[in-house]
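One structure is given below, encoded as structure tokens.
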Amino acid sequence: MNKILFREHIAPGIFHMKVEAPEIAAKRKAGQFVIIRHDEEGERVPLTIADADPKAGWISLIVQEMGYSTKRLGQLRAGDTLADVVGPLGVPTHIEKFGTCLCIGGGVGVAPLYPIAEALQAAGNETVCVIGARNKELVILEKEFKKIFKETHVCTDDGSYGFHGFVTQKAKEFLDGPRKIALVVGIGPVPMMRAVANLTKPYGVKTVVSLNPIMLDGTGMCGACRVNVGGETKFACIQGPEFDGHQVDFDLLTKRLGMYSVQEKQCTCAGGS
Ligand code: NAD
Ligand code: FES
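So the mapping is simple: our numbering equals the position in the sequence shown, first residue as 1, plus 6.
Okay, structure coming up:
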């Protein structure tokens, strides 16, 4: 059982919680994730670790209430407990001194981007961050990004705040600019990560995306998180979640993510599991 130490609503349908998990907080590295369960019968929900404090023993998770299970998680409050938190899982982000790194986050993908951009900056890279959402209300972690990254650019699809347009439109300005971009990291919804990969390909810039397929065991045994990268089958839970964006089969990822949409809808409407 893992206690929720803190819980706050940060945008419509999005909440942040700090969960007691001292061993995970001590071990986790940028890019890794956990799988959590609301209760013994609950669905296993993979979530990237947005932040952690090894001294205080907590990890920070940002959750978008999308389906039955994440809506149930949204009803929990500080003091409540989760049945379990398994992790840290996945291969940590490859961090080295690349040069100028362009970190692009869309919607809730801004949360998993944060520790990666932080680690890249700590390794001596110049870090340019572009974060975006559909509108001003849905922009998350702006203060946290601006506190750490000198260059944080906020975008909204409807122009209600910051740059008017998709994160890819703003990112293009940097790819066309005078600085040589050595690495792009793009995290967000699948159409956005596909658009980031398509954008950077003609520039020949190494592009990392963090995939979010359906996951069950998180140990490479069940095959649920199967993705195709460069013509090869990979299990995102043990070989990812980060992959070369130019090699990912985004059509297959989209198809597999929609596999249980009918059951998910039935479940949400019925309020059952
Ligand atoms: P959203 O649909 O509101 O999009 C967020 C931003 O991404 C937009 O403001 C825009 O700037 C950009 N974007 C979206 N579509 C684009 C396109 N076609 N071209 C260029 N840019 C585009 O995002 P949301 O509602 O936060 O996304 C929810 C989805 O993201 C869920 O399916 C969730 O599973 C997924 N997600 C993925 C990760 C991950 O690790 N990859 C993390 C969290 C959430
Ligand atoms: Fe089962 Fe990856 S979640 S193999």
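Every residue gets a Cβ at the ideal spot worked out from N, C-alpha and C, and that includes glycine.
Small disclaimer: the values here were computed from a predicted structure and weren't measured.
Starting from residue i and walking both ways along the beta strand (DSSP E), at which residues does that stretch end?
| i | result |
| --- | --- |
| A58 | 57 to 59 |
| V233 | 232 to 235 |
| T213 | 212 to 216 |
Is residue i helix, strand or coil when you go by DSSP?
| i | result |
| --- | --- |
| E14 | strand |
| R262 | helix |
| V114 | helix |
| L53 | strand |
| K35 | coil |
| E29 | helix |
| D250 | strand |
| N204 | helix |
For residue i versus residue j, is the C-beta spacing smaller than 9 Å?
| i | j | result |
| --- | --- | --- |
| V196 | N218 | yes |
| T87 | M23 | no |
| G73 | P28 | no |
| Q38 | V97 | yes |
| A203 | H252 | yes |
| V160 | G138 | yes |
Tell me which same chain residues have a C-beta within less than 7 Å of the C-beta of residue i, skipping the five on either side of it?
| i | result |
| --- | --- |
| G19 | Q70, E71 |
| V92 | V40, I41, G224 |
| G194 | G111, G112, G113, G115 |
| H15 | F21 |
| K33 | P94 |
| F180 | L108, V134, I187 |
Looking only at its own chain, which residues have a Cβ that is under 6 Å from the Cβ of residue i, when we skip the five neighbours before and after it?
| i | result |
| --- | --- |
| H44 | R78, L79 |
| V214 | V191, E248 |
| G278 | Reliability fails at G278, whose pLDDT of 46 lies under 50, so the model's placement of it is uncertain and no value is given. |
Start and end of the alpha helix (DSSP H) containing residue i?
| i | result |
| --- | --- |
| I244 | 242 to 245 |
- Where in the segment 134 to 199 do unbroken runs of the beta strand (DSSP E), each at least 3 residues long, occur, reported from the N-terminal end onward? The qualifying runs are 157 to 162, 187 to 193.
- Task: Taking only runs that begin and end inside the segment 63 to 111, name each unbroken alpha helix (DSSP H) of 4 or more residues, in chain order.
- Result: Correct list: 74 to 80.
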